[in-house]
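One structure is given here, and the rest of the page talks about it.
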Amino acid sequence: MVSHAPPAKAKQHVWKPPKETPESTKDPSTTTNKTDKKIKNGPSAKKKPEASSSAGPATYADKDKKSLLYSLDWHHSCIKEASRLAADVKREAQRLIVQFLEKLRTHIDAEVAKARG
């Protein structure tokens, strides 16, 4: 038997054990919901700083992804149509791949049965 070092790709990832979930208890005093947390913690600390009137419009670097997409949609109505078409193409490609794999599986099963019998 030849032994060799694992390839470099195998060394890139370090195995991490899965996180253990705590045991669920039936004690209602330990369960919390979002409203309890809001009441307990008070008002949200995440408040947008008030922009001065001389600051001007927000730059693209200041916007998060959702607001950037919203602003693009506001100015370019074709964005919705393009993203819908892209999703449709992706879905159709996935369907075709599954159909191909199913057909390939039936051919392989037929060949195996033919070779055995």
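Numbers given in our numbering equal positions in the sequence shown, counted from 1, plus 2. A virtual CB, placed ideally from N, CA and C, is assigned to each residue, including glycine.
On the DSSP letters alone, give me the boundaries of the alpha helix (DSSP H) that residue i sits inside.
i: aspartate 111; result: 80 to 118
i: lysine 11; result: 10 to 14
In angstroms with no decimal places, state the Cα-to-Cα distance between residue i and residue j.
i: alanine 1; j: lysine 105; result: Nothing can be reported for residue 1: it is not among the residues displayed for the chain, which extend from 3 to 119.
i: valine 16; j: valine 91; result: 36 Å
i: glutamine 14; j: histidine 6; result: 17 Å
i: lysine 65; j: valine 114; result: 58 Å
i: aspartate 111; j: arginine 86; result: 38 Å
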